[in-house]
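A.B. asks: One structure coming up, written as structure tokens, with questions to follow.
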Amino acid sequence: MAHNSPYLEPAQYKDTVSPLGHLLPSVHPKTLRDELVFAAEWVSQYLTDLPANAVSRPMAPAHRARLREVSLAETGQELGRVLDFVRDEIAPHPTGNGHPAFFAWVNSPPAPAGLVAELLASAINATCGMGENALMDLERGTVRMLAGLAGLPDTTGGVLTSGGSMANMLALATARTWFLTRRGSGDGPAYDRDHARLTLYYSAQAHMSVTKAAACIGLPAHRLRPVPTDAYDRLDPAALRAAVTADLDAGLLPFCTVTTLGTTATGAVDPLEPVTDLCRNTGMWHHADGAWGGLGAAVPALAPLYQGIGGVDSLTVDPHKTLSVPVGCGALLVPDPEHLHTAFAHHASYLTPGEQDAQPWLSHATIELTRPGTRALALWATLNHLGRGGVTTLIEHYLTLADQLRDRISAEPRLQLVAGGPWPVVCFRIADPGEGDPDTLHTAVARRVQDNGRAYLATVATRGRTVLRACMCNYRTTTDDLDLLISEVLHAADTQDHPPTPVNGGPSKR
């Protein structure tokens with residue numbers, strides 16, 4: 001059938017469809033092209049208009065109910081209705097993290113290169129789990145790029161994940177397999193005996209995903225050891241050593257310590273070398289959760305804090321935080337990737353690598369089999385667009401913003417700095433909270449700011465009290481947005497005789 005276009009015209013569909021093709025909604029190639037162009041124009045305008053719009057908008061109960069109760073019609077609708085639905089029902093009510101005055105959590109806006117790449121990868125729709133394809137090799141390459149930025153050895157491999165929570169769970173599962181296999185108790189009665197004695201150590205400031213990951217791999221709460229921190233919110237190596245020694249004396253099996261590089265509450269960076277030394281001396285695995293701060297070694301001002309990063313056994317990094325890769329893109333980096341294969345490689349007769357498969361499939365390094373290629377292409381595109389120097393400049397921009405916000409708070413007598421580590425998070429409070437409960441006041445102030453819609457910040461419990469917390473992770477944020485935040489906080493504090501309307505909140509996305 002001769003035709004000039006590579007696309008089939010409607011009249012030709014009947015000669016090419018499968019027996020069930022009449023049940024599928026056919027889209028003419030020209031219609032698809034038109035919708036893609038229209039969607040691209042809408043996305044461009046949406047991102048352009050973001051700074052002029054409210055950071056977030058509370059959703060009416062009827063709207064929420066309408067979304068929860070969507071139903072499936074008997075017949076399909078035109079493709080254009082999808083964009084109409086997103087424009088009218090979804091886009092007006094985002095989390096708010098695309099707005100430059102959003103400071104609540106470590107949720108960055110999407111990088112332009114990542115947006116384009118995700119669309120392209122979705123069209124290709126390759127799985128990065130089994131079989132050999134270009135996106136799987138690109139994922140291997142982007143993992144090496146991340147490892148280089150993080151300061152890990154050239155041998156490092158790993159996998160991209162949905163985020164830091166999944167990366168941390170994979171890390172703990174890998175550490176468990178490594179530890180028990182070395183003891184000769186990887187299976188059978190010995191496994192049951194030793195698994196019941198495993199103990200895990202982590203900073204008291206660690207992200208909640210660490211304890212969630214521990215639960216997922218079957219560690220009970222009474223085998224978890226949150227380690228006290230010092231005056232700068234960093235894990236205390238002496239306290240860690242004491243806890244490990246006590247558990248060894250009690251006949252337990254310390255198998256892993258998790259350090260945090262950029263704590264969620266205050267941006268603290270745990271010391272690496274003393275923890276690695278202790279892990280080596282006691283036979284433990286050292287996992288570093290750098291979901292937020294894992295790339296600090298690439299920044300000259302932060303690099304001294306990362307002395308010894310090359311000695312960790314695994315590292316979590318979240319490109320969808322620090323690098324603005326679209327959600328969700330995390331990574332687990334392992335200097336010896338064979339440990340991942342030992343933990344996760346399983347085989348089936350219907351999934352047999354061919355002779356041309358030079359390396360183990362990536363599904364042998366994670367629990368996922370079908371894995372999206374969007375992560376790899378979006379990460380590569382973002383890194384390629386930034387370059388190594390751009391990555392450094394981006395992080396330095398956030399550090400500068402945090403310093404400028406601290407300067408503004410220090411110059412404002414009605415506000416008081418509370419805490420803040422080397423990563424760009426600023427904790428502060430109302431200097432004179434009055435006679436009421438200060439925790440209640442700060443929660444109300446944050447909700448008032450959110451409700452007003454011009455800026456957005458959250459609260460955090462640190463050092464025994466609830467304070468205001470602002471994170472810098474938006475490449476669009478300027479000093480004007482910092483001034484707006486200060487103004488909104490002071491205005492909210494001055495109007496607390498009118499209770500604010502509660503709005504949705506949530507923790508840092510991982």
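Numbering follows the working numbering, in which position 455 of the sequence shown is assigned residue number 455; successive positions increment by one, without gaps.
Just so it is clear, CB atoms sit at the ideal spot from N, CA and C, and this is done for glycine as well.
Since this is a predicted model, take the numbers as computed values, not measurements.
1. Can you have a look at Ile124 and say buried or exposed, based on whether 16 or more other CB atoms are within 10 angstroms of its CB?
2. By a C-beta neighbour count over all protein chains shown, 10 Å radius and 16 as the cutoff for buried, is Glu435 buried or exposed?
3. State the Cα-Cα distance for the pair Gln205 and Thr264, rounded to the nearest angstrom.
4. The beta strand (DSSP E) with Pro29 in it runs from where to where?
5. How long is the line joining the alpha carbons of Leu180 and Arg197, rounded to whole angstroms?
6. Report all residues from its chain with a CB closer than 6 Å to the CB of Asp137; omit the five preceding and five following residues, and keep chain order.
7. Span of the alpha helix (DSSP H) holding Asp247?
8. Could you have a look at Phe103 and say whether DSSP puts it in helix, strand or coil?
9. Between Ala175, Gly151, Ala402, which lies nearest to Leu485 when the distance is taken from Cα to Cα?
10. List, from N- to C-terminal side, the alpha helix (DSSP H) runs of 4 residues or more that fit wholly inside the region 365-414.
11. What does the alpha-carbon distance come out to for the pair Val227 and Glu89?
12. Whole-angstrom Cβ separation of Gly96 and Tyr456, contact assumed at under 8 Å?
13. Go to Tyr191, then tell me how far its alpha helix (DSSP H) extends in each direction, as first and last residue.
14. Which two residues bound the contiguous alpha helix (DSSP H) that contains Val449?
15. Strictly by DSSP, which residues pair up with Cys128?
16. Within its chain, find whatever has a CB closer than 8 Å to the CB of Arg408; leave out the 5 residues flanking it on each side and keep chain order.
17. From which residue to which residue does the alpha helix (DSSP H) around Arg87 run?
18. Do Thr127 and Arg371 have their beta-carbon atoms positioned less than 8 Å apart in this structure?
19. From which residue to which residue does the alpha helix (DSSP H) around Cys279 run?
20. Look at Pro326 and Gly158 and say whether their C-beta atoms are less than 8 Å apart.
21. Going by other Cβ atoms of all chains shown within 10 Å of its Cβ, with 16 needed for buried, is Asn474 buried or exposed?
22. Going along the chain, which residues of its own chain have a beta-carbon closer than 8 Å to the beta-carbon of Thr400, five neighbours each way excluded?
23. Counting Cβ pairs, one atom from each stretch, are 3 or more of them under 8 Å apart for the region 56-68 and the region 77-94?
24. If we count the other Cβ atoms within 10 Å of its Cβ and call it buried at 16 or more, is Lys321 buried or exposed?
25. Where in the region 277-336 do unbroken runs of the beta strand (DSSP E), each at least 3 residues long, occur, reported from the N-terminal end onward?
26. Just checking, does the region 458-476 make contact with the region 101-120 on the three C-beta pairs under 8 Å criterion?
27. Please report how far the alpha carbon of Thr479 lies from the alpha carbon of Gln496, in whole angstroms.
28. Where does the unbroken beta strand (DSSP E) through Pro61 begin, and where does it stop?
29. Take Pro304 as the anchor and find which of Gly148, Asp437, Val269 has the nearest alpha-carbon.
30. So, does the region 164-175 touch the region 135-150, judging by three or more C-beta pairs under 8 Å?
31. Using the Cα positions of Met169 and Thr382, report the straight-line distance between them to the nearest angstrom.
32. Checking 8 Å against the spacing of the C-beta atoms, do Val467 and His491 come in under that value?
C.D. replies: In short, the structure shows the following:
1. By the Cβ neighbour-count rule, Ile124 is exposed, with fewer than 16 other Cβ atoms within 10 Å of its own.
2. By the neighbour-count definition (other C-beta atoms within 10 Å, threshold 16), Glu435 is an exposed residue.
3. Gln205 and Thr264: Cα-Cα distance of roughly 8 Å.
4. It is not in any beta strand (DSSP E) - Pro29 instead sits in the alpha helix (DSSP H) that spans 29-49.
5. C-alpha separation (whole angstroms): 11 Å.
6. Nothing listed; no residue qualifies.
7. Boundaries of the alpha helix (DSSP H) harbouring Asp247: 237-249, taken from the DSSP string.
8. Residue state for Phe103 is assigned as coil, using DSSP reduced to three classes.
9. Comparing Cα positions, the closest option is Ala402.
10. List check, alpha helix (DSSP H) in window: 374-410.
11. Take the alpha-carbon of Val227 and the one of Glu89: they are about 45 Å apart.
12. Yes, Gly96 and Tyr456 are in contact; Cβ-Cβ is about 5 Å, under 8 Å.
13. Start and end: 188-195.
14. Where Val449 is concerned, the enclosing alpha helix (DSSP H) stretches over 438-452.
15. Beta-bridge pairing links Cys128 to no other residue.
16. Leu482, Asp483, Ile486, listed in sequence order.
17. Looking at the DSSP string, Arg87 is not in any alpha helix (DSSP H), and its letter there is neither H nor E.
18. Yes. Within cutoff.
19. Residue range 273-282 is occupied by the alpha helix (DSSP H) that includes Cys279.
20. The beta carbons of Pro326 and Gly158 sit no closer together than 8 Å.
21. Its Cβ being crowded by 16 or more others within 10 Å, Asn474 is buried.
22. Non-local beta-carbon contacts of Thr400 in its own chain, meaning distances under 8 Å to residues more than five positions away in sequence, are absent.
23. At 8 Å Cβ cutoff, the stretches touch.
24. For Lys321, the number of other beta carbons within 10 angstroms of its own is at least 16, and it is reported as buried.
25. For the region 277-336, whole beta strand (DSSP E) runs of length 3 or above, ordered along the chain, are 285-290, 314-317, 330-334.
26. Here the region 458-476 makes contact with the region 101-120; the two share three or more CB pairs at distances below 8 Å.
27. Separation of Thr479 and Gln496 (C-alpha to C-alpha, rounded to the nearest whole angstrom) is 26 Å.
28. Note, Pro61: premise wrong, no beta strand (DSSP E); alpha helix (DSSP H) at 61-68.
29. It is Val269 whose Cα lies nearest to the Cα of Pro304.
30. Flag = no, the region 164-175 and the region 135-150 do not touch.
31. The straight-line gap from Cα to Cα measures roughly 26 Å.
32. Not a contact, by the Cβ cut-off of 8 Å.
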